[in-house]
Amino acid sequence: MPELSEPHDVPTHVDADWRRVSPKYVVVEVVGSIIGSGVVIAALLIAHFLGAQQWALWVAIAVAVIAIVTIALEPRRVRSIAYRLRDDDLVFRRGIMFQRQVAVPYGRMQLVDITRGPVARALGLADLKFVTAAAATAVTVPGLPAEEADRLRDELVALAETRRAGL
Amino acid sequence: MTVGPPGSARATTGIADGQWHRLHPASPLLRGGLALIAILGFVIANLRERLVEVFIPVFAPDLGDEFDERFSRWQGDWAADPIGGIVMNGLVGWALAGVAVVIIGIVFGFWLSWRMHTFRITDEAVEVRSGIVFRSHRSARLDRIQGINVARPLFARLFGAAKLDVSVAGQSGNVQLSYLASALADGLRADILRLASGARAAKAAGAAPSGVPVTEQGEAALGATAPGETALGETVLGETAPGETALGEADAASQTPGQSSAAVAGRVGELVTRRVGEFLAPELDPDLAPPESVVHIPVGRVIGSTALGGAVIWLIVLAAVLAVGVATRTWWMLFSFIPALIGLASYSWSRITQSLRYSIAGTPDGVRIGHGLLSTANQTLPPGRVHAVEATQWLLWRPFGWWSVRINVAGHSLSANRESVQRTIVLPVGTADDVRRVLDLLLPGAAPALGDALDAGLGGRGADGGFEPAPRRAAWLHPFAWRRIGWLERDGIAAIRRGVLVRGLVLVPLARLQSVAVQRGPLRRMLRLSSLRLHTVTGPVTATLPVIDEVRATAAFDAVAKEAVERAALDTSHHWGAANG
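If you read the sequences in order, they're chains A and B.
Position one of the first sequence corresponds to residue -15 (my numbering), numbered consecutively onward.
Position one of the second sequence corresponds to residue 216 (my numbering), numbered consecutively onward.
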């Protein structure tokens, strides 16, 4: 890193520790899974009882089992979501079966987006999405407490300004 | 930094003066009108017999009996025979008037759309205003320009016109100036690039002896241009409204004395000569580029590579189908494959004509790549715009040592648009030496930094050239390619080597890396492997290393993340002019 001038490039929040998202985010994921699998199971049951399709029942049971396993693992999956603000970039990781770790330099962030779904809003949570010039970056930190998401967004925007690089 | 000798007409076209200008008068015709003419031609060709039949009785009254007979045959069925209906009911005059109104309306629409379509080039941006009812105003900021392309489709070339396409970062954010006079397009490109390079107009004026303010400078330059290149003013802006621009006035002044027929004939002759000259001229303007292209592709190689490309597989499939069809005497089978055959032939033909007359050369304002036999196109990539480069070699190309090179550039989206796909191919087919030369232009410093690793990346395997090979257990996932797969990061260039059937070498300048990811699913975790992906702007090149040892992956991830930040901070190539002085 070339020497940058002092005051603004030593952000207060930079730390070496991984930060976790709010444990309440488990609820958002569980509700999402229940609704998603519920719709599929309902459709299959209708096909079974009204359409007299024997196979539909088995598929419905399989979907239910998968949904239950997913929901049981949800707390671990949410615990695996973590991000870390380093001097020059943000590192994000998630996943237990399919693990993914991404590093995004602050200077590459084109925009920082906050989105809030209905369940997340009820719990006071928000998702923070980072967009770079590369579509594949796809970094979304879910389940941040709303105030923290706002604060983080402002800090990241300020950081991106100081580290701004050309395209 | 200057392009061409100072003070020459080339140095500035006078158009880049911040004033609004109009496009080539034939623009609407070239843009959409050809389709209209084709439709008209189709209609007329189909109705010709009818019309001749109909008009015979009008011009030859002797045949009146037949006319009456036909009148009795017409049974008021407008839908089946509208022309008959028109004639029988004595509406010919009205019909002709209607056709005339439509034609006048179309011509007026063309004229209006040409009047309303204006562009200007300021120190900040290239702007285009267009539309009659729904006005649109697009502007491309000069410092965001990712490339400038000049395309000359066959019809436009016959008119001596060219299309200038300024591509900026962002999906489909291109600003198009279609169409301009051919010579003007090249000059304008040089102007835009000079403005974009960070060297301000003041500097350019300092280089030229006439250090006058910008607007006046434009006029002065035009005065100098007018005698030599009257056709330029005439074709481009001759029909501007009186007093609209200095250009129009200068042109009008130069036109008045030469009204005698001899002068007109002379001018027509000159125009024709100029058109022919433009048509046959090499794609790279000798004033703007070193005359020698660094790569020359022989015609035989273009044809050979196309024949041995993906087309050959389809040809074999088709031949097999035809053989089966003939053997079993199922003739319908033959006919059903005729469209496929036509498609194949047209694909091969377009690939060959697109790749002919290929040239690539470095200029102070970036790399210029030109190609095309009938419809020509050339693009200029300013320095520091290339985000990823991939050299690939298909199995059948291997005996000949042929490679093709593609790049990722911001703004060239993955759209199905053939033109933009074509633009990402910077070398249609070339030898390893050609790849090296092209690489020298696209990523200066990459080839020396990689050294022998470049050859190892193209043809090698295992630990050749310092590559980090994939461990043996990767064979479970990539049974054939695992020996080829390798990773190297040296001097800010990341190299990914992969593929057996289609050999590939991806180079990513870390200075322009957007982000980096390391991923592993259950299978890779069992084998203690990971995959590494370098995220660049969208394009045909995907910089993914499919397998790498888990521990090495973490090390590579950290190294790349750190290096990317450092290189990005040091990189100044996107303000190339400012860096030079």
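Note that beta-carbon positions come from the ideal geometry of N, C-alpha and C, so glycine has one too.
Please name the residue or residues paired with residue i in a DSSP beta bridge.
i, result
"B/Gly719", "B/Thr607, B/Arg713"
"B/Ile763", "B/Ser745"
"B/Pro724", "B/Ile708"
"B/Trp702", "B/Glu683, B/Ile711"
"B/Trp618", "B/Gly645"
"B/Ile575", "B/Ile584"
"A/Gln83", "B/Arg735"
"B/Asn304", "Note: B/Asn304 sits in no beta bridge, so no partner."
"A/Tyr67", "A/Arg3, A/Phe76"
Helix, strand or coil for residue i? Go by DSSP, reduced to three states.
i, result
"B/Thr757", "coil"
"B/Ala422", "Confidence is the limiting factor: at B/Ala422 the pLDDT is only 42, short of 50, which leaves the residue's position unreliable and the question unanswerable from this model."
"B/Phe552", "coil"
"B/Asn389", "coil"
"B/Glu683", "strand"
"B/Pro240", "coil"
"B/Ala250", "helix"
"B/Val383", "strand"
"B/Glu342", "strand"
"B/Arg735", "strand"
"B/Phe257", "helix"
"B/Leu785", "helix"
"A/Lys8", "coil"
"A/Arg100", "coil"
"A/Thr121", "coil"
"B/Gln637", "helix"
"B/Gly599", "coil"
"B/Pro663", "helix"
"B/Gly540", "helix"
"A/Val115", "strand"
"B/Gln594", "strand"
"B/Val314", "helix"
"B/Ser354", "strand"
"B/Thr333", "strand"
Step through the CB atoms of chain B and report whether any lies within less than 7 Å of the CB of residue i.
i, result
"A/Val96", "no"
"A/Leu82", "According to the sequence provided, residue 82 of chain A is Phe. The question's Leu does not apply to it. For A/Phe82, the answer is yes, since a Cβ of chain B falls inside 7 Å of its Cβ."
"A/Asp73", "yes"
"A/Pro89", "yes"
"A/Arg3", "no"
"A/Arg92", "yes"
"A/Val86", "yes"
"A/Ala142", "no"
"A/Ala117", "yes"
"A/Thr146", "no"
"A/Thr124", "no"
Where does residue i land, buried or exposed, given buried means 16+ other C-beta within 10 angstroms?
i, result
"B/His602", "buried"
"B/Phe325", "buried"
"B/Arg304", "One point to set straight first is that residue 304 of chain B is Asn, not Arg, in the sequence displayed. When all chains shown are included, B/Asn304 counts as exposed."
"A/Met81", "exposed"
"A/Val12", "buried"
"A/Gln38", "exposed"
"B/Val756", "buried"
"B/Met741", "exposed"
"B/Ala771", "buried"
"B/Phe374", "buried"
"B/Ile336", "buried"
"B/Thr543", "exposed"
"B/Arg350", "exposed"
"A/Asp111", "buried"
Taking 7 Å as the CB-CB limit, is residue i close to chain E?
i, result
"A/Thr54", "Looking at the structure shown, chain E is missing, and the protein chains on hand are A and B."
So is residue i in contact with chain A if we call contact Cβ pairs under 7 Å?
i, result
"B/Pro659", "no"
"B/Val756", "no"
"B/Gly736", "yes"
"B/Ala776", "yes"
"B/Gln729", "yes"
"B/Thr753", "yes"
"B/Ala340", "no"
"B/Val733", "yes"
"B/Ala196", "Since the first residue shown for chain B is 216 and the last is 796, residue 196 of chain B is missing from the structure and cannot be characterised."
"B/Leu596", "no"
"B/His586", "no"
"B/Ala423", "Note that B/Ala423 has pLDDT 40, beneath the 50 cutoff, so the model's placement of it is unreliable and no number is given."
Can you determine whether any heavy atom of the ligand ADP sits closer than 6 Å to the C-beta of residue i, and answer yes or no?
i, result
"B/Ile708", "Annotation note on the ligand ADP: not contained in the displayed structure, which lists no ligands."
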